[in-house]
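When we follow the numbering used here, the leftmost residue of the sequence shown carries the number 171, and every step to the right adds one.
In this text, a Cβ means the ideal position worked out from N, Cα and C, and glycines have one as well.
To start, the structure under review is shown below, and the notes come after it.
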Amino acid sequence: MKMHCYLREWGIECRKHVGFIRGTIQKMINHSFSSLCAQSQRKLSKSHSGSMKKEAVLWLGYHAFREILSRKPSRYKALIMWLKSEMHSSRYRMCEKKLRTVVRDGLLGMEDIAY
């Protein structure tokens with residue numbers, strides 16, 4: 171929602187700048203993945219040998235943006251459609267199966283928050 175507030179405050183017309191916003195979303199998710207990897211290497215390198223899959227982080231990021239932007243469907247219609255198509259691509263099929271339950275349970279805790 172913070173991104174929505176920035177876009178609204180800056181007066182950016184979402185329908186005209188879909189490419190810019192899509193690129194920003196991709197950069198934010200990629201940066202989050204890099205940051206998570208760096209933190210896990212620093213904090214868990216001695217006690218944990220697990221690794222994160224980039225596809226899982228990308229799918230979770232796309233899902234999170236789609237979930238939030240879907241609350242303003244008329245403003246973000248093109249972005250929501252793009253996020254949905256990205257999430258359902260064959261690249262993320264295994265991630266979706268593994269993470270679907272976790273995401274559903276997490277969303278149940280967020281239902282009471284007003285946006």
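Arg-274, DSSP secondary structure in three states:
Secondary structure of Arg-274 (DSSP, three-state): helix.
Can you name, in chain order, every residue of its own chain whose Cβ lies under 8 Å from the Cβ of Val-227, other than the five neighbours on each side?
Leaving aside the five residues that flank Val-227 on each side, the residues in its chain whose CB is nearer than 8 Å to its CB run, in chain order, Ile-199, Ser-202, Phe-203, Leu-206.
If I measure Cβ to Cβ from Lys-223 and keep anything under 8 Å in the same chain, skipping five residues before and after, which residues do I get?
Cys-265, listed in sequence order.
Would you kindly report the start and end of the unbroken alpha helix (DSSP H) that includes Met-222?
In the DSSP annotation of this structure, Met-222 is not part of any alpha helix (DSSP H), being labelled neither H nor E.
Check this for me: beta carbons of Arg-241 and Leu-253, under 8 Å apart or not?
Not in contact: Arg-241 and Leu-253 (Cβ atoms no closer than 8 Å).
Determine the extent of the alpha helix (DSSP H) in which Lys-254 is found, giving its start and end residues.
Per DSSP, Lys-254 belongs to the alpha helix (DSSP H) from 247-257.
Cα-Cα separation between Met-251 and Arg-261, rounded to whole angstroms
Roughly 17 Å between the two C-alpha positions.
Please list, in chain order, all residues of the same chain as Trp-229 whose beta carbon is under 8 Å from its beta carbon, the five residues on each side excluded.
Take Trp-229, set aside five residues on each side of it, and the residues of its chain with a beta-carbon closer than 8 Å to its own are Met-257, Tyr-262, Cys-265, Glu-266, Leu-269, in chain order.
Are Arg-192 and Leu-249 touching if we call contact CB-CB under 8 Å?
Yes, the Cβ-Cβ distance between Arg-192 and Leu-249 is below 8 Å.
Which term fits Gly-189, buried or exposed, when burial requires 16 or more other beta carbons within 10 angstroms of its beta carbon?
Counting Cβ neighbours within 10 Å, Gly-189 comes out exposed, since fewer than 16 surround it.
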